[in-house]
Amino acid sequence: MGDWVILVAAALAAVAALATLPMINAYLVALRADDINAAPVGFVPLAIVMMVAFAAMAATLGDHWVLVPVLLATTALVAVSATDVRSYRIADRILFPGLGATILAASFVALGPGEPSQVGRALALGAIFCVLLLIIALVSRGGMGLGDVKLALLLGFVLGLVVVNFVHGLRLLLTAVLIASVLGVVNGLLLALARRVTGRNLLPDPDEEPGAPRPSVMKTPFPFGPGLVIGTMVAVAVRDSLL
Numbered sequence: 000m001g002d003w004v005i006l007v008a009a010a011l012a013a014v015a016a017l018a019t020l021p022m023i024n025a026y027l028v029a030l031r032a033d034d035i036n037a038a039p040v041g042f043v044p045l046a047i048v049m050m051v052a053f054a055a056m057a058a059t060l061g062d063h064w065v066l067v068p069v070l071l072a073t074t075a076l077v078a079v080s081a082t083d084v085r086s087y088r089i090a091d092r093i094l095f096p097g098l099g100a101t102i103l104a105a106s107f108v109a110l111g112p113g114e115p116s117q118v119g120r121a122l123a124l125g126a127i128f129c130v131l132l133l134i135i136a137l138v139s140r141g142g143m144g145l146g147d148v149k150l151a152l153l154l155g156f157v158l159g160l161v162v163v164n165f166v167h168g169l170r171l172l173l174t175a176v177l178i179a180s181v182l183g184v185v186n187g188l189l190l191a192l193a194r195r196v197t198g199r200n201l202l203p204d205p206d207e208e209p210g211a212p213r214p215s216v217m218k219t220p221f222p223f224g225p226g227l228v229i230g231t232m233v234a235v236a237v238r239d240s241l242l
């Protein structure tokens, strides 16, 4: 694989950031209208994260046909991660169009250079990932939001596009959940400890009431969507080692 694939992907990432930024901030503006303190997202940090994510997927998948739908999915995943960080919410108005565009692109390329069976496998893994997180959300009683459950539809679909068989897909799915869980625990602990030490919330919950008592370390809320996205991307990157 030539470096040109990574360079093109990085350039496309800037375009993707420019295209999604208005949608992200329009969603956050709507939340602020409902008295939810969701700060806007800047172009530079969004573009940097988008470029890193695009370059990582390009370096992992190369010039394989599957890179096209994966980059479309990555655009939506980075965008909803931004809304989650700012508002502790996954924006349905970005997630579901992104899911639809990814499925459409995957179906189109599967009729050409791809494999038609891959799309069905991806849909099945998306459904399984969604059901798994729904069970976790119900058991945790508020520890995970339904936005994360819906996000799993797109995450599972991405995993299904890069696997060689269904068993391989299940291994990647469990790997993604494990990595996301570890990241979530570490993230929550670091945020709680930083708040204890500095007296400031580095990633404030927009729904937190002013003057509310600080929650315990284990009950400090944090957005879990970005961890799920990172866990899935890492699983894609190490997919060959899980065959």
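Quick note, the sequence shown lines up with residues 0 to 242 if you use my numbering. Cβ atoms here follow ideal geometry from the backbone N, Cα and C, with glycine treated the same way.
Nonlocal neighbours in the same chain, by C-beta distance under 8 Å from residue i, ignoring five residues either side
i	result
phenylalanine 156	Ala72, Leu98, Thr101, Ile102, Ala105, Ala121, Leu122, Leu124 and Gly125
glycine 183	Phe221, Phe223 and Gly226
serine 199	The residue asked about is misnamed: residue 199 is arginine in this sequence, not serine. Hits under 8 Å: Ala193.
valine 65	Ala105, Val108, Gly113, Gln117, Leu160 and Val161
leucine 30	Ala37, Ser86, Arg88 and Pro205
isoleucine 5	Ala54, Ala57 and Ala58
Under 9 Å between C-beta atoms of residue i and residue j
i	j	result
alanine 179	phenylalanine 223	yes
valine 228	leucine 154	yes
valine 69	leucine 160	yes
leucine 158	alanine 175	yes
leucine 17	alanine 52	no
valine 28	proline 39	yes
leucine 169	valine 84	no
valine 67	alanine 15	no
leucine 171	valine 148	no
valine 130	leucine 242	no
isoleucine 248	threonine 19	The structure shown does not extend to residue 248, since the chain is modelled only from 0 to 242, so the question has no answer here.
is_contact[residue i, chain B] using C-beta, thresh 9 Å
i	result
alanine 15	Structure shown: chain B not included; a single protein chain is present.
CB-CB length for residue i against residue j, believed under 8 Å
i	j	result
isoleucine 89	leucine 150	5 Å
alanine 10	alanine 54	Not quite, the Cβ-Cβ distance comes to about 10 Å (not below 8 Å), so this is no contact.
threonine 59	isoleucine 23	Wrong, their Cβ atoms sit about 25 Å apart, outside the cutoff.
Residue i - containing alpha helix (DSSP H), residue span
i	result
leucine 98	91-109
arginine 140	Premise fails: arginine 140 is in no alpha helix (DSSP H) and is neither H nor E.
arginine 199	Premise fails: arginine 199 is in no alpha helix (DSSP H) and is neither H nor E.
leucine 66	66-86
valine 237	Unbroken run through valine 237: none, as it is neither H nor E.
Sequence-distant residues of the same chain with beta carbon closer than 6 Å to residue i, five excluded per side
i	result
aspartate 239	none
methionine 50	Ala9 and Ala12
glycine 230	Ala175, Ile178 and Ala179
alanine 234	Leu171, Thr174 and Ala175
Cut-off 7 Å between Cβ atoms - residues of its own chain near residue i, not counting five sequence neighbours on either side
i	result
phenylalanine 95	none
phenylalanine 165	Arg120
leucine 145	Ala136
valine 185	none
Whole runs of the beta strand (DSSP E) within the region 11-42, excluding any shorter than 3 residues:
none
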